[in-house]
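In mature numbering (1 follows the signal peptide of the UniProt record, and there is no 0), the protein residues as written are -19 to -1, 1 to 204.
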Amino acid sequence: MKKLILTICFSVAYLISMAQSSNTIRYVALGDSYTICEGVNTSECWPNVLTKHLNKKDVDITLVANPSKTGYTSQQLIDNEMAVFTNAEANFATVLIGVNDWVQGVQIGIFESNLNYIVETLLETLSSDRLFLITIPDFSATPKGPEYSKGRDITAGISEFNEIIKKAGEMYGVTVIDIFPTTQAMKDNPELVSADGLHPSAKEYLLWEGIIYPHVYEALKPR
């Protein structure tokens, strides 16, 4: 009889655990150096900070993967990161991609096609309120940013790519979070730039999280 009771108790505990696990939001952050957060510790990376912030507000979310890589273009995200998203059985994602497309001279039409493919593929799994697009930072505001311009106007070029991101958001009904204006303040505050002179500092990534968080919390908060 005792064995039966113990078996029942363990079974109930297991079912409760499974139910709680199934309700957990599984987050995958997709992108490039701005999502893997080049130049800072993992704990200072904005997807990690965002996850902890949401947890404190009773949102059951786990960052299950951040396959972002420094230097990745939208095509490399497709080739290398989408499978990670699928295998992780994720039900929430952020996408911040495009700076390396612009730096490497990828035609804007190709970037748009790739971005649309990324969004369409993610929406095969996610509802539109579980996907957030984030605009590309204005890296011209960093000391070493101009070295990557190849004689072009960085602010104008990135703004043009950001319009493509905003267009995709409107077309697919996905929220676009615009961090571009905030990143321009890096020009006047060295504390917002990492030691490499190109990427944001932990303080700057924290500012991004502060912009991203309210949008995500509104979508994910307990009902």
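Note that CB positions come from ideal geometry on N, CA and C, so glycine has one too.
Under 9 angstroms between C-beta atoms of residue i and residue j
i, j, result
"T5", "T75", "no"
"L104", "V65", "no"
"Q56", "I91", "yes"
"L96", "I145", "yes"
"L77", "I139", "no"
"T164", "E190", "no"
"Y129", "V84", "yes"
"W27", "L173", "no"
"I117", "V80", "yes"
"M152", "I99", "no"
Minimum C-alpha distance to residue i - residue among the options
i, options, result
"P203", "L35, D13, G20", "L35"
"S94", "F142, T67, T156, P28", "F142"
"N47", "K38, P195, D41, F73", "F73"
"T43", "A69, Q56, K184, G132", "A69"
"V45", "K38, T54, N29", "N29"
"S108", "G12, S130, S14, L201", "L201"
"C14", "S182, V157, Y53", "Per the sequence presented here, residue 14 reads as Ser, with Cys not at that position. The shortest Cα separation from S14 among S182, V157, Y53 belongs to Y53."
"G12", "W27, A149, L58, P181", "L58"
"E101", "E128, V84, G150", "G150"
"V197", "G126, T32, N61", "T32"
"E19", "S182, A166, L188", "S182"
"G126", "P171, A166, L173, H180", "H180"
"E25", "S175, K168, D60", "S175"
"M167", "K37, S121, E199, K148", "S121"
"residue 217", "A10, I193, P162, D41", "Beyond the ends of the chain as shown, which are -19 and 204, falls residue 217; an answer cannot be given."
"Y194", "V21, T23, K38", "K38"
Residues that residue i bridges to, as DSSP identifies them
i, result
"F113", "T75, T156"
"A10", "T75"
"I42", "I6"
"P181", "V174"
Reduced DSSP secondary structure (H/G/I, E/B, other) of residue i
i, result
"L31", "helix"
"M(-2)", "Here the model assigns M(-2) a pLDDT of 38, short of 50, so the residue's position is not dependable, and the following value carries that caveat. Helix."
"A176", "coil"
"T136", "helix"
"P203", "coil"
"T16", "helix"
"N68", "helix"
"P148", "In the sequence as presented, Pro is not what sits at residue 148; that position holds Lys. Three-state result, K148: helix."
"S108", "coil"
"S55", "helix"
"V100", "helix"
"S121", "helix"
"G90", "helix"
Contact belief for residue i with residue j at Cβ below 8 angstroms, rounded distance in angstroms
i, j, result
"P119", "T136", "According to the sequence provided, residue 119 is Asp. The question's Pro does not apply to it. With a Cβ gap of about 6 angstroms, D119 and T136 count as contacting."
"residue 228", "T123", "Since the first and last residues shown for the chain are -19 and 204, residue 228 lies out of range."
"R7", "A71", "5 angstroms"
Test: residue i CB closer than 9 angstroms to a CB of chain C
i, result
"K50", "Given the protein chain composition of this structure (a single chain), no chain C is represented."
Residue i beta carbon near the ligand SAH (any heavy atom closer than 8 angstroms)
i, result
"F161", "Looking at this structure, you won't find the ligand SAH or any other ligand, since it has none at all."
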